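Visitor: For reference, the structure I am asking about is given below.
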Amino acid sequence: MSGGVLIVGEVVDGGLHPTVRQLVNASERIGNEASLCLAVDSTFDDSVLEGIGVGNVILLEHTDTAADGSGGVYSLLTELACEAVKRLEPSSVLIAKTDAGSVISARIAARFDAGLASDCIDLALNADGKVAVTRPVHGGSALAVYEFAGDGLQVVSVRPGSFEPAPVSGGLPEIERLDMSDVSVEGEVPVLVETVSEEGEGIPLEQADVVVSGGRGLGGPEPFDNLRELCGLLNAALGASRAACDAGWIDHSHQVGLTGKSISPTTYITFGISGASQHMAGCSSARNIVAIDKDREANIFSHARYGVVGDWAKVLPAFTAAVAELD
């Protein structure tokens with residue numbers, strides 16, 4: 271595949287991580303030929319690759335992939351990914367900026383003396399055919415576009431949720447299984463001290479088909495209980511603006527925006543969010559935005575497919591009641 275795009279994907283509980291299809295979509299921005307590599311064990315079911323949308327997939331088979339991933343060190347996963355880079359000699363490597371991807375992308379770049387652009391939210395090819403990436407800077411208050419210098423390997427980590435998942439396309443790709451059981455990372459110094467799992471509230475923002483968010487216009491923490499009721503009816507994830515999170519009304523894990531999470535739901539419903547550029551950058555991949563705000567000049571209305579100019583305290587109860595009648 272020399273010269274194409276290599277997607278380094280993740281496997282979770284025997285299936286594809288939600289970011290894999292997002293990376294497939296992103297790869298179409300910078301190249302016509304993309305391959306996918308996955309670190310798997312012998313129980314991996316090839317059928318989950320049906321319609322993945324890439325020409326070929328390399329399955330790097332090793333018995334310890336799950337243990338390496340859950341341990342947070344990712345040494346084995348790094349070695350397997352580097353092996354794929356050696357074999358395919360791509361011009362670009364795409365990987366999601368997850369916990370694993372953040373570590374692996376940096377190690378790939380160091381191993382191959384490559385350029386690394388981290389936490390990117392958009393990709394493109396410039397007039398010279400070089401990859402240009404967009405990423406947040408200055409604490410998320412601005413966006414900057416960077417181009418890779420030189421002709422060497424380019425490693426890009428993509429913020430989850432920045433791209434919509436690629437649609438199901440075609441049948442099973444060409445699949446190559448490689449026995450990587452001889453790869454060992456014994457003797458490496460472990461760096462993980464403890465792993466603490468935090469139980470999230472409801473559906474993860476990045477995976478939700480519907481997201482309901484509240485902003486500073488709600489005036490306090492209590493209205494978020496009303497939003498939770500609506501989320502329950504819509505099977506939606508609960509989001510928030512940075513202003514609402516900074517005010518302590520809701521945990522920052524719900525924050526949507528450049529300094530929060532990027533989302534790509536089918537429907538994004540907002541209450542009391544004015545539509546600051548930092549927030550809109552985090553929901554730019556939403557297919558439909560429904561905005562409710564009392565300020566008819568609010569920027570969010572320029573992005574919304576549907577808008578209601580009104581007081582959330584009147585609109586939200588009526589909207590919730592209407593949804594409940596449909597349930």
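Each residue of the sequence shown is one higher than the one before, starting from 271 at the first, in our numbering. Glycine included, every Cβ here is placed at the ideal spot set by N, Cα and C. Every value quoted in this text rests on a predicted model; they were computed, and no experiment measured them.
1. When the Cα atoms are used, what is the spatial distance from residue 455 to residue 551?
2. What does the Cβ neighbour count give for residue 588, buried or exposed, with the cut at 16 atoms within 10 Å?
3. For the region 417-435 against the region 382-402, do three or more pairs of beta-carbon atoms, one drawn from each stretch, fall closer than 8 Å, so that the two count as touching?
4. In the DSSP output, which residue or residues are listed as bridge partners for residue 525?
5. Would the region 311-324 and the region 282-294 be scored as touching if the rule is three or more Cβ pairs under 8 Å?
6. CB residue 492 to CB residue 590, shorter than 8 Å?
7. Taking 8 Å as the threshold, find out whether the region 568-583 comes into contact with the region 525-545 through three or more Cβ pairs.
8. Does residue 346 pass the burial test, meaning 16 or more other C-beta atoms within 10 Å, or should it be called exposed?
9. Give me, in chain order, the residues of the same chain whose beta-carbon lies closer than 8 Å to that of residue 396; leave out the 5 immediate sequence neighbours on both sides.
10. With H, G and I counted as helix, E and B as strand and the rest as coil, what does DSSP make of residue 444?
11. Assuming residue 514 and residue 485 are in contact, meaning their beta carbons sit under 8 Å apart, how far apart are those beta carbons, in whole angstroms?
12. Is it buried or exposed for residue 414, if we count other Cβ within 10 angstroms and need 16 for buried?
13. Residue 582: buried (16+ other C-beta within 10 angstroms of its C-beta) or exposed?
14. Determine the direct distance from the alpha carbon of residue 517 to that of residue 291, and round the result to whole angstroms.
15. Put residue 351 into one of helix, strand or coil per three-state DSSP.
16. Per DSSP, what are the beta-bridge partners of residue 356 in this structure?
17. Give a yes or no on contact between the region 294-307 and the region 352-362, applying the rule of three or more CB pairs nearer than 8 Å.
Guide: In terms of the structure at hand:
1. 40 Å
2. exposed
3. yes
4. 510
5. yes
6. no
7. yes
8. buried
9. 402 and 417
10. strand
11. 5 Å
12. exposed
13. buried
14. 35 Å
15. helix
16. In the DSSP output, where bridge partners are listed per residue, residue 356 has none listed.
17. yes
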